[in-house]
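Heads up, the thing below is written out as structure tokens.
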Amino acid sequence: MDHNMQAFIGSTTELLPRIDWNIRFFGAHKQTVPSPWSMTKEFHHAFEILIVLDGAQETVLENEQYIIQQDEILLIPPGFEHTNHCISPESMTYFCAHFDIDEPALRMKIMKNCEWVYTPSSPYHNRLRTCLQKWIDILNDRDILFATAKLRAQVVLFELLEILMDIQPTTTDVRTNQSITTAKYAKEIAEAIKWTFKKKCIETNGSVDFTIHIQPIIASLGISPNYGLEVFQKIYQMSPRKYLSDLKLQEAKILLQQPQLSLNEIANWLGYKNLSHFSRQFKRWTGINPSEFRKKTSI
Numbered sequence: 285m286d287h288n289m290q291a292f293i294g295s296t297t298e299l300l301p302r303i304d305w306n307i308r309f310f311g312a313h314k315q316t317v318p319s320p321w322s323m324t325k326e327f328h329h330a331f332e333i334l335i336v337l338d339g340a341q342e343t344v345l346e347n348e349q350y351i352i353q354q355d356e357i358l359l360i361p362p363g364f365e366h367t368n369h370c371i372s373p374e375s376m377t378y379f380c381a382h383f384d385i386d387e388p389a390l391r392m393k394i395m396k397n398c399e400w401v402y403t404p405s406s407p408y409h410n411r412l413r414t415c416l417q418k419w420i421d422i423l424n425d426r427d428i429l430f431a432t433a434k435l436r437a438q439v440v441l442f443e444l445l446e447i448l449m450d451i452q453p454t455t456t457d458v459r460t461n462q463s464i465t466t467a468k469y470a471k472e473i474a475e476a477i478k479w480t481f482k483k484k485c486i487e488t489n490g491s492v493d494f495t496i497h498i499q500p501i502i503a504s505l506g507i508s509p510n511y512g513l514e515v516f517q518k519i520y521q522m523s524p525r526k527y528l529s530d531l532k533l534q535e536a537k538i539l540l541q542q543p544q545l546s547l548n549e550i551a552n553w554l555g556y557k558n559l560s561h562f563s564r565q566f567k568r569w570t571g572i573n574p575s576e577f578r579k580k581t582s583i
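First residue of the sequence shown? That's 285 in this note's numbering, and the numbers climb one at a time after it.
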């Protein structure tokens, strides 16, 4: 912490860390599938966690085969190509969920330390299994209110993230390390884009219409722009330009919920000298204009 800041807040002040991230939980379901069932090759920009509740599944992950037996847990990192295939004689029941977090340090720690398969003999299996069961219990509760289900699902996600943060690696895999290197570059690019965007907003303070160029940001990190674009797309499943657009949308939503700020001030803060330009862009993002969004969120 800066020395002057320490002097200002006093030697006895204790601060909790500032939270500036988005955590998403989506695509969770429980399903029973017949023996011929299989999924075509796919990959996600988010994490996928899956538990086989009955039967067995073959998963090909980054060209390596894994057999996931009953009660075993599979964790698939973002950007990893995989296929799933039911190998039980009759059927298989599984539960899976997708989640994501835009905090690069946490995302990287999970990808670096976590294994792909957790069997009942793993020291972390019981904690993971208990956490996943809480999601399944929400699915099984037919009387739960939708809003309550959303809140409980998010609480469980935070519990899961805490478990994943606690996990310590037990093996070193060259292929995994290569993928981690790719993720590291993508994370550095994302952080540089976020830092540049925040810096531009603060420096201009709405007085100058600014444009952020992605390729010079990548080059400033000592990474070839073409390679940087490729690895970013692989890990985040979106272009750096789309990532910047999402940052602007996130910031716009936060600012619009502050009634003391005018729409003109918000537009200028985000780099739009023209309010109509900002309004058109916001409507492309959300389907409604900024004033409608403000009215909706103030209720």
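Cβ coordinates follow ideal geometry from the N, Cα and C atoms, glycine included.
In the three-state scheme derived from DSSP, where H, G and I count as helix and E and B as strand, residue 366 is classed as strand. Residue 539: not part of any beta strand (DSSP E); member of the alpha helix (DSSP H) spanning 524–540, first to last residue. Between residue 551 and residue 520, the gap from beta carbon to beta carbon reaches 9 Å or more.
DSSP places residue 445 inside the alpha helix (DSSP H), whose first and last residues are 430–450.
CA-to-CA, the gap between residue 414 and residue 449 works out to about 16 Å. Residue 351 sits in a strand when the DSSP states are folded into three classes. Annotated as distal: residue 321 and residue 381, with beta-carbon spacing of 9 Å or more.
Of all alpha-carbon atoms in 345, 393, 334, the one lying nearest the alpha-carbon of residue 403 is that of 334. In this chain, the alpha helix (DSSP H) harbouring residue 549 covers 547–553. According to DSSP, residue 375 shares a beta bridge with 318. Per DSSP, reduced to three states, the secondary structure at residue 384 is strand. Annotated as proximal: residue 401 and residue 350, with beta-carbon spacing under 9 Å. 9 Å or more divides the Cβ of residue 357 from the Cβ of residue 340. Contact holds between the segment 565–579 and the segment 533–544, because three or more Cβ pairs, one in each stretch, are under 8 Å apart. Cβ-Cβ distances below 7 Å link residue 369 to 322, 341, 342 in the same chain, with the five nearest sequence neighbours on each side left out; the list follows chain order. For residue 356, there is no enclosing beta strand (DSSP E), as DSSP marks it with neither H nor E. For the options 440, 452, 407, the alpha carbon positioned closest to that of residue 307 is the one of 440.
Residue 532 sits buried, since 16 or more C-beta atoms from the chains shown fall within 10 Å of its C-beta. Sorting 479, 405, 445, 427 by C-alpha distance to the C-alpha of residue 394 places 445 at the top.
About 6 Å separates the Cβ atoms of residue 437 and residue 309, confirming a contact at the 8 Å cut-off.
Look at residue 512 here: in three-state DSSP terms it is helix. The shortest C-alpha to C-alpha distance from residue 578 to any of 560, 559, 536 is the one to 536. Residue 313 carries a strand assignment under DSSP once its states are collapsed to helix, strand and coil. Within 10 angstroms of the beta-carbon of residue 574 lie 16 or more other beta-carbons, which makes it buried. Close CB contacts of residue 374 within its chain, under the 7 Å cut and outside five residues either way in sequence, are with 319 (chain order). Remark: C-beta atoms of residue 451 and residue 410 do not approach each other more closely than 9 Å. In the same chain as residue 530, and ignoring 5 residues on each side of it, the C-beta atoms closer than 8 Å to its own belong to 522, in chain order. Looking at the backbone, the Cα of residue 355 and that of residue 572 are separated by about 45 Å. Around the C-beta of residue 298, fewer than 16 other C-beta atoms lie within 10 Å, and the residue is accordingly described as exposed. Residue range 341–345 is occupied by the beta strand (DSSP E) that includes residue 341. In its chain, beyond the 5 residues on either side, 308, 330 have a beta carbon closer than 6 Å to the beta carbon of residue 384.
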